Amino acid sequence: MKKHLIRGKIILIYGLSLFLLISCAGVPKDPQHISPAFAEKALVTLGIMPVTYDARYAEPLDVRLSPIILRNTEKMLQAKGYRTQILSTPVVTSRDIQSDPIMMEPSRVAQDIPADIDAVVAIHIISHFGLDITERQPEILGPSISLNGTARLISVNNPEELWRDKGRGTSLLKGRFLRRTQFWIELNEATRSLADNLFATLPAKTD
Numbered sequence: 292m293k294k295h296l297i298r299g300k301i302i303l304i305y306g307l308s309l310f311l312l313i314s315c316a317g318v319p320k321d322p323q324h325i326s327p328a329f330a331e332k333a334l335v336t337l338g339i340m341p342v343t344y345d346a347r348y349a350e351p352l353d354v355r356l357s358p359i360i361l362r363n364t365e366k367m368l369q370a371k372g373y374r375t376q377i378l379s380t381p382v383v384t385s386r387d388i389q390s391d392p393i394m395m396e397p398s399r400v401a402q403d404i405p406a407d408i409d410a411v412v413a414i415h416i417i418s419h420f421g422l423d424i425t426e427r428q429p430e431i432l433g434p435s436i437s438l439n440g441t442a443r444l445i446s447v448n449n450p451e452e453l454w455r456d457k458g459r460g461t462s463l464l465k466g467r468f469l470r471r472t473q474f475w476i477e478l479n480e481a482t483r484s485l486a487d488n489l490f491a492t493l494p495a496k497t498d
């Protein structure tokens, strides 16, 4: 009887968590910042800069997280009508906050960017859970992988911050067996969710 009650509570909590995620996804939100000059820029091609990380949440050694985030970001931006180009611009570790594109002055971010790029996208991971091998515990109730990030868009010509917002990506726990064998599928789900939420408020390309 006690086992049935515990199982019922777990199902209820899981159902409520799923309901809240779906409900929040359906509520439109405003970006943290959008410049009145955004529409005047007529952006076509966006360069995507290397992902940076909060010093407390560096990229896990056994997970190549950045390429997956960049791939899903490209898909999201292309779905909004933009051309994209992943940039290999070297970025100093985010421990030096003045050298992180998410914090740098727009004029510094836009330096040495190819002439065919209209604006650059900077992505910074604030925190993550479930990526470290010590955190991969299938008994935990709730999202098995969670990513929190922030992004900004900076114009290259007459540099200025055109847009900025935050977003979260999650992959829901699907059970112990799947959790152990399908980590990479769940990671892609979480990064796709992050890209979708992070750039949800970015205006689509205008014709």
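If you use my numbering, the sequence shown corresponds to residues 292 to 498, in order. In this text, a Cβ means the ideal position worked out from N, Cα and C, and glycines have one as well. Here the structure is a predicted model, which is why all the values come from computation and not from measurement.
- In this structure, DSSP gives ALA410 an extended state, which the three-state scheme calls strand.
- In the three-state scheme derived from DSSP, where H, G and I count as helix and E and B as strand, ILE436 is classed as strand.
- Taking a 10 Å sphere around the C-beta of GLU331, we find fewer than 16 other C-beta atoms and assign the residue as exposed.
- Here the stretch 409-419 makes contact with the stretch 345-365; the two share three or more CB pairs at distances below 8 Å.
- For TRP454, the number of other beta carbons within 10 angstroms of its own is at least 16, and it is reported as buried.
- By the neighbour-count criterion, in which 16 or more other beta carbons inside 10 Å mark a residue as buried, ARG355 falls on the exposed side.
- For GLU452, no alpha helix (DSSP H) encloses it; the enclosing beta strand (DSSP E) starts and ends at 452-463.
- Its chain contains TYR373, ARG374, ASP409 and LYS496 as the residues whose beta carbon lies nearer than 8 Å to that of VAL335, once the 5 sequence neighbours on both sides are disregarded; these appear in chain order.
- If you look at ARG374, you'll find it in the beta strand (DSSP E) that goes 374-377.
- For LEU337, the enclosing beta strand (DSSP E) has its first and last residue at 336-339.
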